[in-house]
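Below is one structure, written out as C-alpha cells; comments come after it.
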Amino acid sequence: MGSIGISLHLLPHSLLLCSAAGSTQSPKRARPISRISPRMALATPITFGFNNLLETFTVNVQRAENRPLNVPLIAPFTIATSRLDKVENVAIRVELSNGCVGWGETPILPFVTAEDQHTAMVKAREVCDFLLRSPAKTLGSLLGEIGGLLPGYEFASVRAGVEMALIDAVSRSIGVPLWRLFGGASNTITTDITIPIVSPGEAATLASKYREQGFRTLKLKVGKNLISDIEVLLAIRAVHPDCDFILDANEGYTSEEAIQVLDKLYEVGVSPVLFEQPVHRDDWEGLGYVSRIARDKYGVSVAADESCRSLVDVKKIVAENLADVVNIKLAKVGVVGALEIIEVAKSSGLTLMIGGMVETRLAMGFAGHLAAGLGCFKFVDLDTPLLLSEDPVREGYEVSGAVYTFKNARGNGGFLHWKNIA
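The sequence shown runs -20 to -1, 1 to 402 under mature numbering (1 follows the signal peptide of the UniProt record, and there is no 0).
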C-alpha cells in the first residue's frame, strides 16, 4: 500500500485534542497517545498520513461498545436478490484514554453481506471486549489483530465498523479530518442516487424529483424482469433525458439476458455509463463474456461488485480481464482491505467505483471522506443516507443535491445520538 501523506503544523496541545473529562469509566493506566514528542511537534511541517499513523500512533482504548442501529426507510429498497424495509445495522463506539471518541457502522444487507444483525452484534461485542482487554499498542498492530479476529468476507462488515471507529478516534486525536488523512485530494464528492426496482410510473416520479434536486447520474436497480427493466429505463429517460445512468443487476441476469438488455437499449439510442454486476458473483466466465461484448460492441464498461469481495478476486479480475471497473465497498473488505485493493486496482489500470450497502451517515460519511481524500474514484455511489426516513447522526457533512462537502474539522464529523438507539 503506497504512502498516504499530508502536511500538518502540529502544536504541542494538538497531541491531546480530546478531553477525558466526563468519562464514565476509569481509564487504564495512562500511556502516551503518540510517539511524537513536543519537540518534534514544534518543528516545521511534519509529513503525516494514514500509513505513518499505523506505526507511530499508540492506541489505548478506554471504552468500546456496540448497539443495534435500526432506521426506517422512506420506501422499500428492492434489488434483484432482496428487499429491505428498514435498516438493521450495528453502531460501534470506541473511546480512547485521551477522551477522543470514534464511530463506526456495520451494514447489514440480506443475501449480500455475510452477517445478519444478530451475528454482527455478537462478533462486535467480542471485539469490543478484546479492545478493552488489550494493552496500548500501535494502530497498525491493533488493526492487524482485529483482522485476525474477524477474517475474510465472513466478518468483513463487522471488521469495517470496528476499523472505522478506531481510525475515526485516532483522526480526532490528532485534529485531522479523515479526508486529509487519506490524502487530501478534495473535501467534496458528487454521488449518484439509486432508484430501486419499482414500476415505470414510480421510477419516472423519482427521476423527476432527483432531476430537480440536481442529480446528474441515476443508478437503476434491474435484474428481476427483463421486459420491465427496459420499460423502467425508457420511462426514466423520458422525464430525465440528460441523465447518465448506471445499470445495477445485482447478479440478476444470465450473461445472455445481460447482452439482450444492451441490445434493446442500443436500438432506442440509450447507453448506460456503467453496467454493474450483470451476472452471478461466481459466474466468472459470464462476467468476462458480458464485459467483452459490452466494451467492444457498445462502448459500455462493466463493473464487478459482488464478484469483488477480496484482494484475490481483484487479482483474478485483472489477470483474466473480466471487468473494467471494481466497486469498492468497506462492508465487503474492511477499511484496510479496501486501501490494499485500491492500490492494486490503480496499478493494474482498473477504474474504481466506491459504493455501500444501506448505511447511515456513519459509514457513508467515512467512505465519503476516503473517496474525497484519495480522489481516485470515477464512480461514486454513496447515496443511501438520502433514502432513510430518519437521520440518527448529527450533521457531519453538508449536502447540496448530489454534492457532499466534508467540514474541515477533525474526525468523521458524524456524531451519533447514542441515547436514541440505546
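Yeah, the Cβ is synthetic: ideal placement off N, Cα and C, and Gly gets one too.
All figures in this text were calculated on a predicted structure; none of them were measured in a lab.
>> When you compare the CB positions of residue 142 and residue 181, do they come within less than 8 Å of one another, or not?
In response: Taking the first residue of the sequence shown as position 1, residue 142 is located at position 162. Taking the first residue of the sequence shown as position 1, residue 181 is located at position 201. Result no, Cβ atoms of residue 142 and residue 181 do not sit closer than 8 Å.
>> For residue 42, report the span of its beta strand (DSSP E) as first-last.
In response: Counting from 1 along the sequence shown, the entry for residue 42 is found at position 62. Per DSSP, residue 42 belongs to the beta strand (DSSP E) from 41 to 58.
>> Checking 8 Å against the spacing of the C-beta atoms, do residue 145 and residue 72 come in under that value?
In response: In the sequence shown, counting from the first residue as 1, residue 145 sits at position 165. In the sequence shown, counting from the first residue as 1, residue 72 sits at position 92. Cβ distance < 8 Å, so residue 145 and residue 72 count as in contact.
> Among 48, 256, 70 and 354, which residue has its Cα nearest to the Cα of residue 326?
Replying inline: One-based indexing of the sequence shown puts residue 326 at position 346. For residue 326, the nearest C-alpha among the options comes from 354.
>> Quick check on residue 88: does DSSP put it in helix, strand or coil?
In response: Counting from 1 along the sequence shown, the entry for residue 88 is found at position 108. In this structure, residue 88 counts as coil in the three-state DSSP scheme.
>> Between which two residues does the alpha helix (DSSP H) holding residue 328 run?
In response: Start at 1 with the first residue of the sequence shown, and residue 328 comes out as number 348. 310 to 328 is the span of the alpha helix (DSSP H), which, as asked, contains residue 328.
> Measuring CA to CA, which of 231, 194 and 223 is closest to residue 201?
Replying inline: As a working note, residue 201 is residue 221 in the sequence shown. The residue with the shortest Cα to Cα distance from residue 201 is 231.
>> Since residue 362 and residue 171 should fall inside the 8 Å C-beta cutoff, what is the C-beta to C-beta distance between them, to a whole number of angstroms?
In response: The sequence position of residue 362 within the sequence shown is 382, counting from 1. The sequence position of residue 171 within the sequence shown is 191, counting from 1. Correct: roughly 5 Å between the Cβ atoms.
> In chain order, what residues of the same chain have a beta carbon less than 7 Å from the beta carbon of residue 112, not counting five sequence neighbours either side?
Replying inline: Position 132 of the sequence shown holds residue 112. Cβ neighbours of residue 112 beyond the five flanking positions: 41 and 44.
> Would you say the stretch 97 to 104 touches the stretch 304 to 314, given that touching needs at least three Cβ pairs under 8 Å?
Replying inline: no
> Using DSSP with H/G/I as helix, E/B as strand and the rest coil, what is residue 384?
Replying inline: Counting from one through the sequence shown, the residue named residue 384 turns up at place 404. Here residue 384 sits in strand by DSSP.
>> Between the alpha carbons of residue 249 and residue 280, how many angstroms are there, rounded?
In response: Here residue 249 is taken as the residue at index 269 of the sequence shown, counted from 1. Here residue 280 is taken as the residue at index 300 of the sequence shown, counted from 1. Going by the C-alpha atoms only, they are around 13 Å apart.
>> Given this structure, state the Cα-to-Cα distance separating residue 167 from residue 320, to the nearest angstrom.
In response: Residue mapping note: residue 167 aligns to position 187 of the sequence shown, counting from 1. Residue mapping note: residue 320 aligns to position 340 of the sequence shown, counting from 1. About 22 Å.
> For residue 239 versus residue 207, is the C-beta spacing smaller than 8 Å?
Replying inline: The residue labelled residue 239 in the question sits at position 259 within the sequence shown. The residue labelled residue 207 in the question sits at position 227 within the sequence shown. No, they are not a contact pair.
>> Rounded to whole angstroms, what is the Cα-Cα separation between residue 122 and residue 155?
In response: Walking along the sequence shown from the start, residue 122 turns up at place 142. Walking along the sequence shown from the start, residue 155 turns up at place 175. Cα-Cα distance, rounded: 21 Å.
> Relative to the alpha-carbon of residue 70, which residue among 220, 159, 210 and 93 has its alpha-carbon at the smallest distance?
Replying inline: The residue you call residue 70 lines up with position 90 of the sequence shown. Nearest C-alpha to residue 70: 93.
> With 16 as the cutoff for other CB atoms within 10 Å, does residue 124 come out buried or exposed?
Replying inline: Residue mapping note: residue 124 aligns to position 144 of the sequence shown, counting from 1. That one is exposed.
> Grouping DSSP H, G and I as helix and E and B as strand, with all else coil, what is residue 32?
Replying inline: Indexing the sequence shown from 1 puts residue 32 at position 52. Helix.
> If residue 295 sits next to residue 332, beta carbons under 8 Å apart, how far is it from one beta carbon to the other, in whole angstroms?
Replying inline: What you label residue 295 is simply residue 315 of the sequence shown in a count that begins at 1. What you label residue 332 is simply residue 352 of the sequence shown in a count that begins at 1. Contact doesn't hold; Cβ gap of about 15 Å is too wide.
> For residue 351, which of 233, 385, 68 and 75 has the nearest alpha-carbon?
Replying inline: Indexing the sequence shown from 1 puts residue 351 at position 371. When only C-alpha atoms are compared, the closest one is 385.
> So, using beta-carbon positions, are residue 51 and residue 66 closer together than 8 Å?
Replying inline: Translated into the one-based positions of the sequence shown, residue 51 becomes position 71. Translated into the one-based positions of the sequence shown, residue 66 becomes position 86. Taking 8 Å as the Cβ cut-off, residue 51 and residue 66 qualify as a contacting pair.
> DSSP state of residue 191, grouped into three classes?
Replying inline: Taking the sequence shown and counting its residues from 1, the one referred to as residue 191 is at position 211. The answer is helix: DSSP assigns residue 191 an H, G or I state.
> Using DSSP with H/G/I as helix, E/B as strand and the rest coil, what is residue 261?
Replying inline: As a first step, residue 261 must be located in the sequence shown, where it is residue number 281. Coil at residue 261, not helix or strand.
> So who's on the other strand from residue 175, going by DSSP bridges?
Replying inline: On the sequence shown, position 195 is the one that residue 175 refers to. DSSP, once it has assigned bridges, lists 200 as partnering residue 175.
> If you drop the 5 nearest sequence neighbours on each side, which residues of the same chain put their C-beta closer than 6 Å to that of residue 212?
Replying inline: Numbered from 1 along the sequence shown, position 232 holds the residue referred to as residue 212. If we look at residue 212 and ignore the five residues flanking it on each side, its Cβ neighbours are 180 and 183.
>> DSSP three-state label for residue 362, please.
In response: Position 382 of the sequence shown holds residue 362. The answer is coil: DSSP assigns residue 362 none of H, G, I, E or B.
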